[in-house]
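Colleague: 35 is the number of the first residue of the sequence shown in the working numbering; add one for each residue after it.
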Amino acid sequence: MNIHEYQARALLERHGVPVPRGEMVESADQVRQVAKSIGDTVVVKAQIHAGGRGKGKFRGKAGEQVNHPTKGTPLGGVVVTSADAAEGIARNMLGNVLVTKQTGEAGREVHKLMIAEGLEIDSEFYLAILLDRAYRSPVFIASKEGGTEIEKVAAERPEAILKIPVDPRVGYSDWIGRKIAFGLGMPAKLVRPTGKLVQALYNTFMSTDASLVEINPLITTKDGRVLALDAKMNFDDNALYRHKDVLELRDVAEEDPLEVEASKYGLNYIKLDGTVGCMVNGAGLAMSTMDIIKLHGGEPANFLDVGGGADTEAVTKAFQILLSDSSVKAVLVNIFGGIMRCDVVAEGVVAAAKNVGMSVPLVVRLEGTNVDKGKEVLLASGLELKVAEGMDEAARLVVKAAAEA
Numbered sequence: 035m036n037i038h039e040y041q042a043r044a045l046l047e048r049h050g051v052p053v054p055r056g057e058m059v060e061s062a063d064q065v066r067q068v069a070k071s072i073g074d075t076v077v078v079k080a081q082i083h084a085g086g087r088g089k090g091k092f093r094g095k096a097g098e099q100v101n102h103p104t105k106g107t108p109l110g111g112v113v114v115t116s117a118d119a120a121e122g123i124a125r126n127m128l129g130n131v132l133v134t135k136q137t138g139e140a141g142r143e144v145h146k147l148m149i150a151e152g153l154e155i156d157s158e159f160y161l162a163i164l165l166d167r168a169y170r171s172p173v174f175i176a177s178k179e180g181g182t183e184i185e186k187v188a189a190e191r192p193e194a195i196l197k198i199p200v201d202p203r204v205g206y207s208d209w210i211g212r213k214i215a216f217g218l219g220m221p222a223k224l225v226r227p228t229g230k231l232v233q234a235l236y237n238t239f240m241s242t243d244a245s246l247v248e249i250n251p252l253i254t255t256k257d258g259r260v261l262a263l264d265a266k267m268n269f270d271d272n273a274l275y276r277h278k279d280v281l282e283l284r285d286v287a288e289e290d291p292l293e294v295e296a297s298k299y300g301l302n303y304i305k306l307d308g309t310v311g312c313m314v315n316g317a318g319l320a321m322s323t324m325d326i327i328k329l330h331g332g333e334p335a336n337f338l339d340v341g342g343g344a345d346t347e348a349v350t351k352a353f354q355i356l357l358s359d360s361s362v363k364a365v366l367v368n369i370f371g372g373i374m375r376c377d378v379v380a381e382g383v384v385a386a387a388k389n390v391g392m393s394v395p396l397v398v399r400l401e402g403t404n405v406d407k408g409k410e411v412l413l414a415s416g417l418e419l420k421v422a423e424g425m426d427e428a429a430r431l432v433v434k435a436a437a438e439a
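(1) Going by beta carbon distance, what residues of the same chain come within less than 8 Å of ASP359, once the five residues before and after it are set aside?
(2) Is it true that the segment 121 to 138 meets the segment 225 to 232, where meeting means three or more beta-carbon pairs spaced less than 8 Å apart?
(3) State whether the segment 285 to 300 contacts the segment 312 to 323, with contact taken as three or more CB pairs (one from each stretch) at a distance under 8 Å.
(4) As a quick exercise: from ILE355, GLN233, MET324, pick the residue whose alpha carbon is nearest that of GLY300.
(5) For LEU366, which beta-bridge partners are listed by DSSP?
(6) On a CA-only basis, which of ALA194, TYR236, GLY219, ARG399 is nearest SER207? Give me that one, please.
(7) Please state the DSSP three-state secondary structure of ASP156.
(8) What ranges does the alpha helix (DSSP H) occupy inside the segment 48 to 101, keeping only unbroken runs of at least 4 residues that lie completely in it?
(9) Looking only at C-alpha atoms, which of GLY211, GLU158, PRO202 sits nearest to ASP166?
(10) Helix, strand or coil for SER207? Go by DSSP, reduced to three states.
(11) Going straight from the alpha carbon of GLU154 to that of ASP325, what length do you get?
(12) Measure the C-alpha to C-alpha separation of GLY331 and ASP307 and round it to an integer number of angstroms.
(13) Helix, strand or coil: how does DSSP classify SER415 here?
(14) Could you tell me the distance, in whole angstroms, from the CA atom of VAL171 to the CA atom of LYS186?
(15) On the premise that VAL365 lies in contact with LEU412, defined as a C-beta separation below 8 Å, what is that separation, rounded to the nearest angstrom?
(16) Report the three-state DSSP secondary structure of LEU329 (helix, strand or coil).
(17) Go through the segment 213 to 294 residue by residue and report every complete run of the beta strand (DSSP E) that reaches 3 residues or more, in order.
(18) Taking the alpha-carbon of ASN404 as reference, which of ASN389, LYS420, LEU417, GLU381 has the nearest alpha-carbon?
(19) Keeping to the same chain, check which residues put their C-beta closer than 7 Å to that of ALA436; ignore five residues upstream and five downstream.
(20) Starting from the C-beta of LYS178, find all residues in its chain whose C-beta is less than 7 Å away, skip the five residues before and the five after it, and write them out in chain order.
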């Protein structure tokens, strides 16, 4: 689960990470008063679940370009301005669409803004903590290249990246903060404040079951402070039952409506850009299915894992979600019957397909317990479907069907 920057900053501040003053607003009428309460110079930041906002461009819902109210240049996602101009800029942001590298051309409509204090920045750094499978532990990542795309820095100049794993059996130690401070080249007077910030960041990460806490940039100011200027947090969905306060921060308006609907039924669904709808049980099988579709020249329209114990209701909902995507030209059901028998799966697929009313070609591949009985159920269903003998044939049939649809 992702949250907004203003929410991440609030969580960081709650755990002792110093952040600039700021407040979230949802209407332009609030902006002037909030800006004046913060100071003469403020930062107006669009709040969407995507990075690259500072280099993004705004457009209206009808596609027209939205311009800066005073400079006449396209708005970025992050604008530094005076309190008097803040309201006008906010009106050009709220209700319009922000397009960044991460949103794609579709962009995201902006419903919330954060008004934050403007600061005299001395230096910018990158600091994050995340779960690293290679280290099997939380790992701090730090770099002097703050405010830039860290992936690009890591690819082009890996020596500019400092990585420090934290042994989960030992936990955090003060030397970690000092090593990061020295690695970033902090002046002597800021080594201790940096160490405190790093420890607070670790506490935030561990106490919220986060999978990522990223500060980009971490800044030092002209008056000698170390602050988290921008913040991003991701959380382990499987641990959210322990953190109702974090779960309440979820903004479904920022998520794909089909993904939100799927989550209500325990379905793991991610929309993609292709034409072949995929319904599979098991994440590994789902990824293999997408790979073999691409191998045969097709493009998967989604990742959809119905799980090992999906019933007819869940399968029916899965079909409804797949067919709600107008880009889907054919559907592949690829099920391995282990705990659940293939004949039971086939009965669920047939019932769901009849309830929904299949409007596109359907290819089904079954394997596992009672596979022959499952195929008999499919062939006797009266539905216009094709039963494949293996994954290769299933992929070939569905890609051809999608191309001809």
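All C-beta atoms in this analysis are idealised placements derived from N, C-alpha and C, irrespective of residue type, glycine included. Computed from a prediction, not measured in an experiment: that's the story for all the values here.
Modeller: According to the structure data:
(1) The residue you call residue 359 lines up with position 325 of the sequence shown. Here the set comprises LEU292, LYS305, GLY311, ALA335, ASN336.
(2) With the cut-off at 8 Å, the segment 121 to 138 and the segment 225 to 232 do not touch.
(3) no
(4) The residue you call residue 300 lines up with position 266 of the sequence shown. Nearest in C-alpha terms to GLY300, of all of ILE355, GLN233, MET324, is ILE355.
(5) Position 332 of the sequence shown, counting from 1, holds the residue named residue 366. Answer is CYS312, VAL397.
(6) In the sequence shown, counting from the first residue as 1, residue 207 sits at position 173. Considering only alpha carbons, the answer is TYR236.
(7) Taking the sequence shown and counting its residues from 1, one reaches residue 156 at position 122. DSSP places ASP156 in strand when its eight states are reduced to three.
(8) 62 to 72
(9) Here residue 166 refers to the residue found at position 132 of the sequence shown. When each option's Cα is compared against that of ASP166, the closest is PRO202.
(10) Here residue 207 is taken as the residue at index 173 of the sequence shown, counted from 1. The answer is coil: DSSP assigns SER207 none of H, G, I, E or B.
(11) By one-based count along the sequence shown, residue 154 stands at place 120. By one-based count along the sequence shown, residue 325 stands at place 291. Distance between the alpha carbons of GLU154 and ASP325 is about 49 Å.
(12) The sequence position of residue 331 within the sequence shown is 297, counting from 1. The sequence position of residue 307 within the sequence shown is 273, counting from 1. So the alpha carbons of these two residues sit roughly 14 Å apart.
(13) Here residue 415 refers to the residue found at position 381 of the sequence shown. SER415 falls in the coil class under three-state DSSP.
(14) As a working note, residue 171 is residue 137 in the sequence shown. As a working note, residue 186 is residue 152 in the sequence shown. According to the sequence shown, residue 171 is Ser rather than Val. Roughly 24 Å separates the two Cα atoms.
(15) Along the sequence shown, read from residue 1 onward, the residue named residue 412 stands at position 378. Along the sequence shown, read from residue 1 onward, the residue named residue 365 stands at position 331. Here LEU412 is actually not in contact with VAL365; their C-beta atoms are around 14 Å apart, not less than 8 Å.
(16) The sequence position of residue 329 within the sequence shown is 295, counting from 1. Three-state result, LEU329: helix.
(17) 244 to 255, 260 to 262, 265 to 269
(18) Along the sequence shown, one-based indexing puts residue 404 at 370. Considering only alpha carbons, the answer is GLU381.
(19) For the purposes of this step, residue 436 is taken as residue 402 along the sequence shown, with counting starting at 1. Around ALA436: THR309, VAL310, GLY332, LYS363, ALA364.
(20) Numbered from 1 along the sequence shown, position 144 holds the residue referred to as residue 178. Around LYS178: PHE159, ALA194, LEU218, GLY219.
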